[in-house]
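Written out below as C-alpha coordinates is the structure these notes cover.
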Amino acid sequence: MDGARMRSGGEAERLLAERTADLQRVKAEYDNYRMRVRRDRLAVREIAVSNVLAALLPVLDAVDRAYAHEPLTPGLRDIGDTLRTQLGSLGLRDFGEEGDPFDPVCHEAVVHRAAPGAERLVCAEILRPGYRVGDRLLRPACVAVTGPP
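Under the working numbering, residues 8 to 156 are what the sequence shown spells out, in order.
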(Lines of atoms letter the chains of each structure in order from A; the text may use other names.)
(Lines give C-alpha, C1' and ligand atoms only; values in the text may rest on other atoms or scores of the structure.)
Protein backbone atom coordinates (compact mmCIF):
# COMPACT_ATOMS: atom_id res chain seq x y z
CA MET A 8 0.00 0.00 0.00
CA ASP A 9 2.85 2.35 0.68
CA GLY A 10 4.11 1.81 -2.86
CA ALA A 11 0.67 2.74 -4.27
CA ARG A 12 0.65 5.91 -2.21
CA MET A 13 4.12 6.81 -3.41
CA ARG A 14 3.11 6.23 -7.01
CA SER A 15 0.01 8.34 -6.61
CA GLY A 16 2.04 11.00 -4.75
CA GLY A 17 4.62 11.02 -7.55
CA GLU A 18 1.82 11.16 -10.09
CA ALA A 19 0.23 14.10 -8.27
CA GLU A 20 3.55 15.96 -8.23
CA ARG A 21 4.04 15.33 -11.95
CA LEU A 22 0.51 16.58 -12.71
CA LEU A 23 1.06 19.62 -10.50
CA ALA A 24 4.31 20.41 -12.33
CA GLU A 25 2.55 20.03 -15.72
CA ARG A 26 -0.33 22.29 -14.70
CA THR A 27 2.05 24.85 -13.24
CA ALA A 28 4.03 24.90 -16.50
CA ASP A 29 0.76 25.22 -18.47
CA LEU A 30 -0.31 28.12 -16.28
CA GLN A 31 3.05 29.84 -16.69
CA ARG A 32 2.83 29.48 -20.50
CA VAL A 33 -0.71 30.89 -20.56
CA LYS A 34 0.33 33.81 -18.35
CA ALA A 35 3.33 34.57 -20.59
CA GLU A 36 1.12 34.44 -23.70
CA TYR A 37 -1.40 36.79 -22.05
CA ASP A 38 1.35 39.23 -21.02
CA ASN A 39 2.69 39.23 -24.59
CA TYR A 40 -0.83 39.81 -25.92
CA ARG A 41 -1.36 42.78 -23.60
CA MET A 42 1.95 44.35 -24.64
CA ARG A 43 1.14 43.80 -28.34
CA VAL A 44 -2.31 45.41 -27.93
CA ARG A 45 -0.78 48.39 -26.09
CA ARG A 46 1.85 48.80 -28.85
CA ASP A 47 -0.84 48.54 -31.56
CA ARG A 48 -3.01 51.15 -29.85
CA LEU A 49 -0.09 53.57 -29.62
CA ALA A 50 0.76 52.99 -33.29
CA VAL A 51 -2.83 53.63 -34.36
CA ARG A 52 -2.91 56.83 -32.28
CA GLU A 53 0.37 58.04 -33.79
CA ILE A 54 -0.90 57.39 -37.32
CA ALA A 55 -4.19 59.17 -36.61
CA VAL A 56 -2.43 62.21 -35.11
CA SER A 57 0.00 62.32 -38.04
CA ASN A 58 -2.86 62.19 -40.55
CA VAL A 59 -4.72 65.04 -38.84
CA LEU A 60 -1.59 67.16 -38.57
CA ALA A 61 -0.68 66.53 -42.22
CA ALA A 62 -4.19 67.65 -43.23
CA LEU A 63 -3.75 70.87 -41.23
CA LEU A 64 -0.38 71.85 -42.76
CA PRO A 65 -2.03 73.80 -45.63
CA VAL A 66 -3.93 75.83 -43.00
CA LEU A 67 -0.67 76.56 -41.22
CA ASP A 68 0.91 77.56 -44.55
CA ALA A 69 -2.02 79.93 -45.24
CA VAL A 70 -1.58 81.54 -41.81
CA ASP A 71 2.16 81.95 -42.48
CA ARG A 72 1.44 83.58 -45.86
CA ALA A 73 -1.06 85.91 -44.19
CA TYR A 74 1.57 86.84 -41.59
CA ALA A 75 4.00 87.67 -44.38
CA HIS A 76 1.63 89.65 -46.61
CA GLU A 77 -1.11 91.11 -44.42
CA PRO A 78 -1.02 93.66 -41.63
CA LEU A 79 -1.03 91.70 -38.38
CA THR A 80 -4.30 92.31 -36.60
CA PRO A 81 -4.76 91.06 -33.04
CA GLY A 82 -7.29 88.52 -34.33
CA LEU A 83 -4.95 87.09 -36.96
CA ARG A 84 -2.10 86.94 -34.45
CA ASP A 85 -4.38 85.14 -31.95
CA ILE A 86 -5.50 82.60 -34.56
CA GLY A 87 -1.93 81.88 -35.63
CA ASP A 88 -0.62 81.61 -32.08
CA THR A 89 -3.47 79.33 -31.00
CA LEU A 90 -3.06 77.11 -34.05
CA ARG A 91 0.68 76.75 -33.50
CA THR A 92 0.22 76.07 -29.77
CA GLN A 93 -2.42 73.39 -30.34
CA LEU A 94 -0.49 71.69 -33.14
CA GLY A 95 2.64 71.80 -31.01
CA SER A 96 0.79 70.14 -28.14
CA LEU A 97 0.10 67.24 -30.52
CA GLY A 98 3.82 66.93 -31.24
CA LEU A 99 4.19 68.95 -34.46
CA ARG A 100 7.69 70.39 -34.82
CA ASP A 101 8.97 72.49 -37.70
CA PHE A 102 12.51 72.27 -39.00
CA GLY A 103 14.73 73.88 -41.56
CA GLU A 104 17.15 76.68 -40.79
CA GLU A 105 19.37 78.65 -43.09
CA GLY A 106 22.87 77.23 -42.86
CA ASP A 107 21.74 73.65 -42.15
CA PRO A 108 23.63 71.02 -44.11
CA PHE A 109 21.43 69.78 -46.95
CA ASP A 110 19.93 66.36 -46.19
CA PRO A 111 17.93 64.82 -49.05
CA VAL A 112 15.96 62.74 -46.55
CA CYS A 113 14.33 65.79 -44.97
CA HIS A 114 15.01 68.62 -47.43
CA GLU A 115 13.67 69.10 -50.93
CA ALA A 116 16.01 71.28 -53.00
CA VAL A 117 14.04 73.36 -55.48
CA VAL A 118 16.83 75.85 -56.29
CA HIS A 119 20.58 75.22 -56.57
CA ARG A 120 23.07 78.06 -56.60
CA ALA A 121 26.67 77.23 -57.38
CA ALA A 122 29.23 78.48 -54.90
CA PRO A 123 32.81 77.97 -56.11
CA GLY A 124 34.97 76.62 -53.34
CA ALA A 125 32.06 75.19 -51.36
CA GLU A 126 32.65 71.66 -50.11
CA ARG A 127 29.06 70.61 -49.43
CA LEU A 128 25.47 71.63 -50.05
CA VAL A 129 24.00 74.01 -47.49
CA CYS A 130 20.43 75.27 -47.10
CA ALA A 131 20.73 78.92 -48.08
CA GLU A 132 17.04 79.80 -47.90
CA ILE A 133 14.00 78.05 -46.44
CA LEU A 134 11.18 78.41 -48.94
CA ARG A 135 8.71 76.28 -46.98
CA PRO A 136 9.38 74.75 -43.54
CA GLY A 137 9.38 71.03 -43.02
CA TYR A 138 7.41 69.31 -40.27
CA ARG A 139 7.86 66.25 -38.08
CA VAL A 140 5.88 64.44 -35.44
CA GLY A 141 8.33 62.59 -33.26
CA ASP A 142 10.63 60.77 -35.67
CA ARG A 143 8.02 60.72 -38.45
CA LEU A 144 8.57 63.12 -41.33
CA LEU A 145 5.28 64.76 -42.34
CA ARG A 146 6.68 67.07 -44.98
CA PRO A 147 10.22 67.83 -46.16
CA ALA A 148 11.43 71.41 -46.04
CA CYS A 149 11.61 73.09 -49.45
CA VAL A 150 14.95 74.84 -49.65
CA ALA A 151 17.31 76.72 -51.90
CA VAL A 152 20.79 75.27 -51.60
CA THR A 153 24.25 76.59 -52.31
CA GLY A 154 27.18 74.35 -52.87
CA PRO A 155 29.66 72.94 -55.31
CA PRO A 156 28.71 73.30 -58.98
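From the three backbone atoms N, C-alpha and C, an ideal C-beta is built for every residue, glycine too.
Being a predicted model, the structure only gives us computed values, none of them experimental.
Whole-angstrom Cβ separation of Val140 and Leu60, contact assumed at under 8 Å? 6 Å
Do Val70 and Gly82 have their CB atoms nearer than 7 Å? No, the Cβ-Cβ distance between Val70 and Gly82 is not below 7 Å.
Starting from the C-beta of Asp68, find all residues in its chain whose C-beta is less than 8 Å away, skip the five residues before and the five after it, and write them out in chain order. Arg135
Verify whether the separation of the beta carbon atoms of Gly103 and Gly137 is less than 7 Å. yes
In chain order, which beta strand (DSSP E) runs of at least 3 residues are fully inside the segment 65-110? 99-102
Taking just the CA atoms, how far does Asp110 sit from Leu63? 25 Å
Bridge partners - Tyr138, DSSP secondary structure assignment: Asp101 and Arg146
In this structure, how does DSSP classify Met8 when only helix, strand and coil are distinguished? With a pLDDT of 47 at Met8, under the threshold of 50, the modelled position of this residue cannot be trusted, and the question is left open.
When the Cα atoms are used, what is the spatial distance from Val118 to Pro147? About 15 Å.
For Arg120, name the three-state secondary structure that DSSP assigns. strand
What separation, rounded to the nearest whole angstrom, lies between the Cα atoms of Asp142 and Thr27? 43 Å
In whole angstroms, what is the alpha-carbon distance linking Glu132 and Arg43? For Glu132 and Arg43, the distance between alpha carbons rounds to 44 Å.
Residues near Glu77 by beta carbon distance below 7 Å, same chain, minus five either side: Apart from sequence neighbours up to five positions away, the residues of its chain that approach Glu77 with a beta-carbon distance below 7 Å are Leu83, ordered along the chain.
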